[in-house]
Every structure is written in structure tokens, then in C-alpha cells.
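Mapping to this note's numbering: the sequence shown position 347 is 332, numbers consecutive.
A short write-up of the structure that comes next.
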Amino acid sequence: FGRNADSNTGIVFMPLSLWDEREESAGEIADRLRRGTQHIAGARVNVNQAGSPLTRNATRPLAIALGGGDYAEIVQWRDRIMERVAAENPKILNLESDYLERQPRVNVHIDRNKAADLGVPLQTVGRTPETMMGSRIVTTFEKSGEEYDVMLQARETQRASVGDLDNLYVRSDKDGDLVPLAALVRIEERAGPTELRRTDRMRAIELAGSLAPGYTLGEAVSYMERVIREEAPAAQIIYNGETYQFKKSGDALWITFAFALLVVYLVLAAQFESFIHPVVILVTVPLALTGALLGLFLFNSTINIFSQIGCIMLIGIACKNGILIVEFANQLRDRGVAFVEAVIQASATRLRPVLMTSLCTAFGALPLMLASGAGAESRMSIGATVFFGTIVSLGMTLYVVPSLYLLIARNTRSPDYMSRLIDGLMGRREREAAAPATVRDASQEAH
-14 FGRNADSNTG IVFMPLSLWD EREESAGEIA DRLRRGTQHI AGARVNVNQA GSPLTRNATR
46 PLAIALGGGD YAEIVQWRDR IMERVAAENP KILNLESDYL ERQPRVNVHI DRNKAADLGV
106 PLQTVGRTPE TMMGSRIVTT FEKSGEEYDV MLQARETQRA SVGDLDNLYV RSDKDGDLVP
166 LAALVRIEER AGPTELRRTD RMRAIELAGS LAPGYTLGEA VSYMERVIRE EAPAAQIIYN
226 GETYQFKKSG DALWITFAFA LLVVYLVLAA QFESFIHPVV ILVTVPLALT GALLGLFLFN
286 STINIFSQIG CIMLIGIACK NGILIVEFAN QLRDRGVAFV EAVIQASATR LRPVLMTSLC
346 TAFGALPLML ASGAGAESRM SIGATVFFGT IVSLGMTLYV VPSLYLLIAR NTRSPDYMSR
406 LIDGLMGRRE REAAAPATVR DASQEAH
């Protein structure tokens, strides 16, 4: 148990038992505690799961900051957004901001007209509370070769409360009389933020919250972006913590996926010496991704960093089946087999190796998909992605690849076609070069 000495808040840490010693997950325990404490009168209880200690707001995955030019305007945006989220979306829990107006503050407003009538300069009115309540360096003195600052400040007993301002006097320039400071100023007590934060050198207020079980971070970010665009269109959206990592990894996924497809396509184009054959092979990738999404849906998982890694793996796993069929069909065409017959024979002959390699890969992912214990969610995402992606790709590849090859590769040539053509031309030239020499030898023998 920990308590903040500056406010009436406390933190309770609850270490959990090992995975095999409890029946509930951390999310289920947090949800049960949240339901049991939400009706406590006079208190606000936030139940959060411990996250990564390397990111800010580790216990709250949703962290979005509103950037603007003025804190007062950002506070208005914050209030509208938080009010709407509380009314519309119960799946976003404990949404709070880091702009906490709980620091006592005293605002001193000067009556300029009265100060002018009494002949008191505004500079004097401002300097007096600054010097007595705060401090001010007025000069320095030197002793034993060391220079010291001389600071003016009231005693601690004379600057302990707001009422001590009534004991201050300022001198008038008209007649030199002392005028009570309280007669020239109006004191206003109000609460202010404990600190003013900036993000990317911009004034910003962060909204952070946790998510209900089953509500993904992607859904929460999309919802918050829509609400911010509608309630505060002039606000600058800044992502922090786990939300920033989610957006960054999500954007990087598409770039990585595109580069992986491009590299595979170029390698296949160089191998088959054709720009059409790689298209036939890469058609298996969307089929594999469809199976991966089906697996994530059946296991109630999400598109996270682990499932994204599995999708990258599926590019190579799915392409190998298409390569086996297309490569063998080209070899049959090189032997003089008719085009349609070559495709049918290649599909039938390569059925066994396609089944063996695909099923071995799929069943190798079963331990990951059926894992339990600590870290099971991450292993399950990879296992479900690879297993269902491979199975669906296997079933569809045996029909889609031959059909597409029949449709678009009819007028293509196999990679060995040019080499066989060159070998034929070279052999013919050698025969033509050898023929005149034979005729000359025969005529000489006749003479």
C-alpha cells in the first residue's frame, strides 16, 4: 500500500498467484474488482492491470494527448470529450487527464484606477508581494573572497496564509504615506494544475484510460479519434505509451508486408523468367490471410504484433505450394506435354508433397495454438494464424492455382524454353559450319 502525501490518494498493489495456481486471468480479476468497487460512495477507485514498465501509463493502454495553443481551450476540449465518452462508451474505463486542477492558487488582481488615484506605481504593488511572499535578490556582499546574494523575504510566520497579505503596505509617491496593499488589490483563491506538461514542444493534456475485457486497443483508438474530430476538430492528436507503439507497429506492418510481397515477387520473376507466373503463385497469399483472420476470429484473438508476425510467415508458407505446381507444370511443358494436360498432371503429381509439407507446417503450429499458462495469448495468436492460414491456403491452392494458370499462363513460355532455343540454334550453326568441310574432303579424294 502506498499513499501520496500531497493529496488524498492511495495505491494498492496486489501481486497475483502463479498461472497454474488460479482459475481467473488478470483481466478477469481486475474486472471483478472494478464491479465490486464502483459503488463505493465518496471515493473513485481505478482498477488497472500492471503493464510494461518501459512505457508511460503502462497500466493504461489508451493514452492520447490533445495538443493546442492555450491550456484553457484544451481544458474545454477535454471536458467535452470525457463527458461524451462517459455517456457513450462504457468499454473505456477510468478515463482521466493529467491536467489536475487541485493545486491551491492565489490570484492577485490590481485595481489600477485606485492605485493611480493614491499615487502608488503598479511596479511597487507587484514587487511588494513578490518580495515578501516569495523572495528577491537585492544586492550581494563579499566575505573571505566569497560572494553571497542578499535576499529579501518575510518571516515564515508572516507568509503562512493568504491573510498575511493584509499586513503589507506600499508607499505612495504623492505624499509618501503608507497605503494598505489590501486596499489596492482583490484576492481570488482557486485551484490550478499541479504541473503544465508539453508534448513535442506543444501544450498538451493527456487522456489515459483502461479497456474492458474483449475491447481491443484498435477499436478504442478509432473511437477516440472520431470523438476528437467531432468535439475538437482544431486539436492536435498525439499518441503516447502503448497507443503510440500500436500506431507505429500498425503502420510499419503494411510497409513490411508490402516489401515482403515485392521481394518474393521479384525473386520468383527472376527464377521463372516471367512476370505472369509469380502472379499465379502469389494469389495464394490472400487465401492464407483469409484463413489467418478466420483463426483469430475463432480463438477470439486480435490483430497484434504476434499475429502480424504470423502473417509475414504465411507469405513464404503459402507461396511454396504454388511454386511446386507451377514449376512442375513448366517442366512437363518442356518435355512436350500439351498445356492443359501438363497442368492437370502437375496438380495430381504434386498433390502428395503439397499435402505433406502443408500438414507438417500446420500440425507443427498446434502446440502454439493450444498453449496454456503464462504467455499463452501471444503463442496462441501465432499458432492460430499459421494453422488456419496454412489449412485454408492448402485447400484453396489445389483448385485456384491450376485454374488461374490455365487462364493467364497459356501464352507464356517455360524458363527452359529460351535455353533450349539457344542450344538448338548453336547446334544448327555447328552443323552448317561442318558441312562445307565434308564436301571439300570428298572432292579431293575423287581427284
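Note that CB positions come from ideal geometry on N, CA and C, so glycine has one too.
Practice task
For residue 196, count neighbouring Cβ atoms within 10 angstroms of its own Cβ and tell me buried if that reaches 16, exposed if not.
Solution key: When all chains shown are included, residue 196 counts as buried.
Exercise for the section: Take the Cβ of residue 227 as the centre, count every other Cβ of all protein chains shown within 10 Å, and call the residue buried at 16 or more, exposed below. Expected result: It is buried - the Cβ of residue 227 has at least 16 other Cβ atoms within 10 Å.
Exercise for the section: Kindly indicate the opening and closing residues of the alpha helix (DSSP H) around residue 56. Expected result: Note, residue 56: alpha helix (DSSP H), 56 to 73.
Handout entry: Close beta carbons around residue 79, own chain, < 6 Å, minus the five adjacent residues each side
Key = These residues qualify, in order along the chain: 31, 194, 195.
Problem - Residue range of the unbroken alpha helix (DSSP H) whose run includes residue 377 - result: Per DSSP, the unbroken alpha helix (DSSP H) holding residue 377 starts and ends at 361 to 393.
Practice task
Buried or exposed for residue 42, please, with buried defined as at least 16 other CB atoms from any protein chain shown within 10 angstroms of its CB.
Solution key: Confidence at residue 42 is low in this model, with a pLDDT of 45, below 50, so its placement is unreliable and no value can be given for it.
Practice task
With 8 Å as the threshold, decide whether the Cβ of residue 270 is near any Cβ in chain B.
Solution key: The chain inventory of the structure shown lacks chain B, comprising one protein chain alone.
Practice task
Go ahead and label residue 252 buried or exposed: buried means 16 or more other beta carbons lie within 10 angstroms of its beta carbon, across all protein chains shown.
Solution key: With fewer than 16 other Cβ atoms within 10 Å, it is exposed.
Problem - Residue environment, residue 262, which counts as buried when at least 16 other CB atoms sit within 10 Å - result: The residue in question, residue 262, is buried, as its Cβ has 16 or more Cβ neighbours within 10 Å.
Problem - Test item: CB-CB of residue 265 and residue 389 under 8 Å - result: At a Cβ-Cβ threshold of 8 Å, residue 265 and residue 389 count as neighbours.
Problem - Pairwise C-alpha distance: residue 119 and residue 103 - result: Separation of residue 103 and residue 119 (C-alpha to C-alpha, rounded to the nearest whole angstrom) is 25 Å.
Handout entry: C-alpha distance - residue 463 paired with residue 287, whole-angstrom precision
Key = This structure cannot settle anything about residue 463, because the visible part of the chain is limited to -14 through 432.
Practice task
Out of -1, 48, 334, 1, state which residue places its alpha-carbon closest to the alpha-carbon of residue 230.
Solution key: Looking at the Cα atoms, 48 is the closest of the given residues.
Exercise for the section: May I have the straight-line CA-CA distance separating residue 9 from residue 199, to the nearest angstrom? Expected result: Approximately 15 Å between the Cα atoms of the pair.
Exercise for the section: Determine the DSSP secondary structure at residue 507, reduced to helix, strand or coil. Expected result: Any question about residue 507 goes unanswered here, given that the chain covers just -14 to 432.
Problem - Exposure label - residue 289; buried when at least 16 CB within 10 Å - result: Residue 289 comes out buried.
Handout entry: Boundaries (first-last residue) of the beta strand (DSSP E) holding residue 187
Key = Per DSSP, residue 187 is one residue of the beta strand (DSSP E) stretching across 187 to 196.
Exercise for the section: Kindly list the residues whose CB is nearer than 8 Å to the CB of residue 2, restricted to its own chain and excluding five residues on each side of it in sequence; keep chain order. Expected result: Excluding sequence neighbours, residue 2 sits near nothing in its chain.
Problem - Assigned exposure category for residue 384 - 16 Cβ within 10 Å defines buried - result: Exposure of residue 384 is indicated by the presence of fewer than 16 other C-beta atoms within 10 angstroms of its C-beta.
Exercise for the section: In angstroms with no decimal places, state the Cα-to-Cα distance between residue 39 and residue 110. Expected result: For residue 39, the predicted model reports a pLDDT of 39, less than 50, meaning its position is unreliable; a value from the coordinates is still stated below. A direct Cα-to-Cα measurement between residue 39 and residue 110 gives close to 49 Å.
Practice task
Name the residue from 90, 364, 387 whose alpha carbon lies nearest to the alpha carbon of residue 291.
Solution key: Ranked by how close their Cα comes to the Cα of residue 291, the residues 90, 364, 387 have 364 in first place.
Handout entry: For residue 387, the nearest candidate out of 341, 244, 181, 335 (CA to CA)
Key = When C-alpha distances from residue 387 are compared across 341, 244, 181, 335, the shortest belongs to 335.
Handout entry: Pairwise C-alpha distance: residue 100 and residue 117
Key = For residue 117 and residue 100, the distance between alpha carbons rounds to 19 Å.
Problem - CA nearest to the CA of residue 113, picked from 155, 55, 18, 373 - result: With distances taken between Cα atoms, residue 113 lies closest to 155.
Practice task
Verify whether the separation of the beta carbon atoms of residue 240 and residue 273 is less than 8 Å.
Solution key: Residue 273 sits away from residue 240, with the two beta carbons spaced by 8 Å or more.
Practice task
Going by DSSP, name the residue or residues bridged to residue 164.
Solution key: Paired residue(s): 155.
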